[in-house]
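Chemist:
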Amino acid sequence: MNSNRSIRVLVVDDEVFVRDVTARALVALGCPTPLLASNGAEALELVQSQRSSIDLVISDLLMPDMDGVELVRHLAEQPEAFSILFMSGANSSLRRAAESLGRAYGLRVLGALSKPIDRTALGRVLEEVILEPSPEGQRDAIKIDAKELERGVKDKEFVYHYQPKLRLTDRRLESVEALARWQHPRYGLVPPGQFIGLAENSPFLGRITEQLVEIGIRQLADWHKRGIKISMAMNLSPSILSDVSLPDRLSKAVTEAGLAPNLITFEITETGVAEREAIYLEIITRLQMKGFSLSIDDFGTGQSSLQKLEALPFTELKIDRQFVHGLHANDAKRAIFEASLDLAKRFKLKTVAEGVELPADLEIVRKAGCDLVQGYIIEKPLAPTAFEAWAISRV
Ligand code: C2E
Ligand code: CA
Ligand code: CA
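Residue numbers (my numbering): 27 to 421.
So, in structure tokens, the structure goes:
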């Protein structure tokens with residue numbers, strides 16, 4: 027029971043009585059000082075001010091201003107991973123909806139208990155809470171090696187989050203970029219920076235890419251069936267572009283899903299391919315022949331940008347965030363940005379500014395005639411259901 031000491035709990039309920047009973051049960055179970063909130067807004071404030079010090083949120087489902095379902099969505103948007111337990115007097119269909127929503131958002135849903143909460147049942151739930159590593163210890167605590175990667179592949183733990191790309195002329199949602207995440211049973215949602223590099227140097231990159239691309243294709247087909255008619259960009263590591271059978275397999279998968287290949291863009295960075303130039307060129311060309319769109323990712327960061335533009339059948343150019351963020355106040359960035367845009371137009375490439383966060387930058391990007399914008403100023407990458415809700419709310 028002493029392990030409960032380190033579990034930090036936030037209780038959200040609009041009724042004082044319920045908060046009291048739950049807090050007392052928690053204290054009795056060894057959780058020293060539970061945090062209390064009387065509504066969703068207060069809960070979010072606490073979560074944001076306590077950054078990564080909360081492990082478990084116990085929340086009511088029906089509350090006056092923000093219900094438990096909406097709170098779940100906001101919690102899922104936080105960078106930290108939470109476990110969540112619902113308290114409900116509410117009917118079981120609402121309970122089930124909230125539980126599956128929470129899971130779809132990537133939260134660890136530990137179930138629902140009826141109110142007032144039963145101490146023994148709560149004790150059992152606490153045993154299931156998995157502690158997040160503390161921020162200082164995080165780097166060391168996340169220990170991912172090739173063996174762990176292999177397990178993740180076997181258990182199919184890789185998922186996509188989706189970030190919108192908007193057309194600048196009319197703010198229409200044109201596309202999404204699919205960004206890999208590892209839904210890890212111990213570490214929560216692991217960002218790609220923590221595993222893509224390792225994957226690229228492991229024998230598992232092919233399988234991870236395959237699993238992810240399949241997820242993306244299925245998701246896009248599903249969205250199209252339900253009227254969300256957008257296109258999707260997926261990232262391909264340059265090191266995957268040595269398998270000549272890849273274009274055929276991708277094309278088959280897309281056709282089987284009933285999608286037109288031109289709805290899919292592959293974003294490819296220009297670094298690290300010089301040594302296998304010929305085969306890379308062949309694969310890129312074949313992808314283009316199959317009807318896929320191809321985007322040069324992180325433009326401006328590689329060595330041979332200009333040469334590639336001329337030699338390869340790319341259809342889009344993504345100007346790297348380092349030349350975008352803060353360009354309104356930096357003449358050098360602005361010059362590079364505008365020159366890249368100009369170059370792209372001469373080669374008839376669609377242009378995307380990535381990493382736009384500031385209104386002043388957005389204004390310049392728009393005036394310069396860039397086609398698409400992507401960045402936190404529009405929305406950050408979202409879990410599938412959150413993205414869906416976002417997309418639907420726009421139309
Ligand atoms: P990227 O392709 O350049 O993706 C854009 C990254 O910028 C994403 O980070 C996104 O969350 C972040 N971002 C978007 N808007 C903003 C903004 O306004 N401000 C800031 N500061 N950041 C923003 P994420 O998801 O962590 O991905 C990092 C990188 O990991 C990606 O960079 C991409 O190179 C790689 N990656 C992601 N998914 C995959 C994948 O499925 N396969 C491969 N090979 N690489 C992937
Ligand atoms: Ca990308
Ligand atoms: Ca980039």
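For each residue, glycine too, the CB sits at the ideal point set by N, CA and C. Computed from a predicted structure; not experimentally measured.
1. Do D346 and ligand 2 come close, with the Cβ less than 7 Å from some heavy atom?
2. Mind listing, in chain order, the continuous beta strand (DSSP E) runs of no fewer than 3 residues lying wholly within the region 163-237?
3. If you drop the 5 nearest sequence neighbours on each side, which residues of the same chain put their C-beta closer than 6 Å to that of R233?
4. Rounded C-beta distance between K141 and V44? I'm assuming under 8 Å.
5. What is the residue span of the alpha helix (DSSP H) that E5 lies within?
6. May I ask you to report which of helix, strand or coil DSSP gives I325?
7. Please state whether DSSP places F112 in a helix, a strand or coil.
8. Note the first and the last residue of the continuous beta strand (DSSP E) segment covering S85.
9. Helix, strand or coil for L101? Go by DSSP, reduced to three states.
10. What are the start and end residues of the alpha helix (DSSP H) that includes K393?
11. Roughly how many whole angstroms lie between the Cα atoms of Y213 and K393?
12. What did DSSP end up calling S119 once you bin it into helix, strand or coil?
13. By Cβ distance, which residues of its chain are closer than 6 Å to R347, with the 5 residues on each side in sequence left out?
14. What number of angstroms, rounded off, separates the C-alpha of D39 from the C-alpha of N65?
15. Just mark V270 as buried or exposed, buried being the case when its beta carbon has 16 or more other beta carbons within 10 Å.
16. Per DSSP, what kind of secondary structure is E41 in: helix, strand or coil?
17. What residue range is occupied by the uninterrupted alpha helix (DSSP H) comprising S32?
18. I'd like the span of the beta strand (DSSP E) that includes M260, first residue to last.
19. Tell me the rounded alpha-carbon separation between D93 and L338.
Modeler: For this structure:
1. no
2. 184-193, 199-210 and 214-216
3. V179
4. 6 Å
5. With the chain represented from 27 up to 421, any question about residue 5 goes unanswered, as that position is not in the structure.
6. Correcting the residue type first, residue 325 is Phe in the shown sequence and not Ile. Strand.
7. strand
8. Unbroken beta strand (DSSP E) run through S85: L82 to D86.
9. L101 sits in a helix when the DSSP states are folded into three classes.
10. P385 to K393
11. 42 Å
12. DSSP, read as helix, strand or coil, puts S119 in helix.
13. E380 and G381
14. Whole-angstrom Cα-Cα distance: 6 Å.
15. Label assigned to V270: exposed.
16. E41 falls in the coil class under three-state DSSP.
17. Element bounds for S32: n/a, residue is neither H nor E.
18. S257 to L262
19. 51 Å
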